[in-house]
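Engineer:
Residue numbers (our numbering): 10 to 102.
(1) For residue 44, count the other beta carbons within 10 Å of its own beta carbon; 16 or more makes it buried, fewer makes it exposed. Which is it?
(2) Return the chain-ordered list of same chain residues with a C-beta closer than 8 Å to the C-beta of residue 57, the five sequence neighbours on each side being excluded.
(3) Threshold first: 3 residues or longer. Then list the beta strand (DSSP E) segments lying entirely within the stretch 27-83, N to C.
(4) So, under 8 Å CB-CB, residue 19 and residue 42 are touching, yes? Tell me the CB distance rounded to an integer number of Å.
(5) What do you get for residue 46, buried or exposed, if any count of 16 or more other CB atoms within 10 angstroms of its CB means buried?
(6) Looking at C-alpha atoms only, which residue of 82, 62, 27 is the closest neighbour of residue 17?
(7) Quick one: using the 10 Å Cβ neighbour count with 16 as the cut-off for buried, is residue 70 buried or exposed?
(8) Who are the near neighbours of residue 87 in its chain, counting only those whose CB is closer than 8 Å to its CB and skipping five residues on each side?
(9) Which same chain residues end up closer than 8 Å to residue 50 when comparing Cβ atoms and leaving out the 5 residues on each side of it in sequence?
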């Protein structure tokens, strides 16, 4: 039995150490996901591109339309939930 549904699309928001840890976890489970980070050059970007070149990654200002594509958002603890995109998405769920 799988604990993670394979038909959901997830976005990991934040590509520091905790975000990269989550990327490894999701990839090991074979689930669909993308990554977004507010920084143009997040700390783990080179690692992500090297180890998971198939994963879509968006860097820079968070795109609300892109984030709304996700069934689930995983927000790294280093990202303030008070940022405009997070404030817009939180009431939605």
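Each residue gets a CB set at the ideal place from its N, CA and C atoms; glycine is no exception.
Structural biologist: Considering the structure as presented:
(1) The residue in question, residue 44, is buried, as its Cβ has 16 or more Cβ neighbours within 10 Å.
(2) Closer than 8 Å at the Cβ level, and outside the excluded window around residue 57, lie 24, 29, 32, 44, 64, 66.
(3) You should have 41-46, 66-68.
(4) Sure, about 4 Å apart at Cβ, within 8 Å.
(5) With at least 16 other beta carbons inside 10 angstroms of its own, residue 46 counts as buried.
(6) Looking at the Cα atoms, 82 is the closest of the given residues.
(7) Around the Cβ of residue 70, a 10 Å sphere holds fewer than 16 other Cβ atoms; the residue is exposed.
(8) If we look at residue 87 and ignore the five residues flanking it on each side, its Cβ neighbours are 23, 25, 27.
(9) Apart from sequence neighbours up to five positions away, the residues of its chain that approach residue 50 with a beta-carbon distance below 8 Å are 68, ordered along the chain.
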